[in-house]
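Numbering (the numbering used here), first residue to last: 236 to 354. Just so it is clear, CB atoms sit at the ideal spot from N, CA and C, and this is done for glycine as well.
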Amino acid sequence: MRLGEMDMTCHKCGYKDSYTAFAYLCKNGCPACGESDLRRCPKCGAQCVFSRAEALEGEEREMEGLVGRLMEIHAGSTPEEILEAKRIMARLSDMNNRWNLSRLRELLILKQKEFTSQR
């Protein structure tokens, strides 16, 4: 799975990967009630529904957890924690390409400055 992409799980076999790994078949639903994609599982061939709204809800929870962990790591942390923080910042930056949250962008800039000023 590539960073910054939303996950999808096959309802039939349980295979999980980025939604782009599931072949696009067609649009499903309407804009008023929430569009989704019908996609094919690369493992078992089942037709699966991918709902961006549901995927974004899960991603929002993941972002909250990652921000919480990032806030626990500071410039004086261990080298392993600093490396973890850099990975978290990269993941959050990828996610924020979709969300475009100015507060998150500002936090990432501040944390980047915090970690680079310690060299």
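**OP:** Pick helix, strand or coil for A256, following the three-state DSSP scheme.
**Re:** helix
**OP:** Let me know if K251 comes out buried or exposed under the rule of 16 or more other beta-carbons within 10 Å of its beta-carbon.
**Re:** exposed
Subject >> For T351, three-class secondary structure by DSSP >> reply: helix
**OP:** Inspect the CB distances between the segment 339-349 and the segment 298-316 and report whether three or more fall short of 8 Å.
**Re:** yes
Original post:
When the Cβ atoms of the segment 308-321 are set against those of the segment 283-293, are three or more pairs found closer than 8 Å?
Top reply: Touching, no, given that fewer than three Cβ pairs across the two stretches are closer than 8 Å.
**OP:** Can you give me the Cβ contacts of Y254 inside the same chain, cut-off strictly under 6 Å, excluding the 5 residues immediately before and after it?
**Re:** M241, M243 and F285
Subject >> Span of the beta strand (DSSP E) around S312 >> reply: No beta strand (DSSP E) contains S312, which DSSP labels as neither H nor E.
Original post:
Nearest to P277 by CA position, among I308, A288, C245 and M306, is which residue?
Top reply: C245
Subject >> 8 Å CB neighbourhood of E270 in its chain, flanking five on each side removed >> reply: K262, N263, G264 and R287
Subject >> Start-to-end residues for the beta strand (DSSP E) that takes in M243 >> reply: Unbroken beta strand (DSSP E) run through M243: D242 to T244.
Original post:
Does the separation of the CB atoms of L327 and L345 fall below 8 Å?
Top reply: Note that the C-beta distance between L327 and L345 is not below 8 Å.
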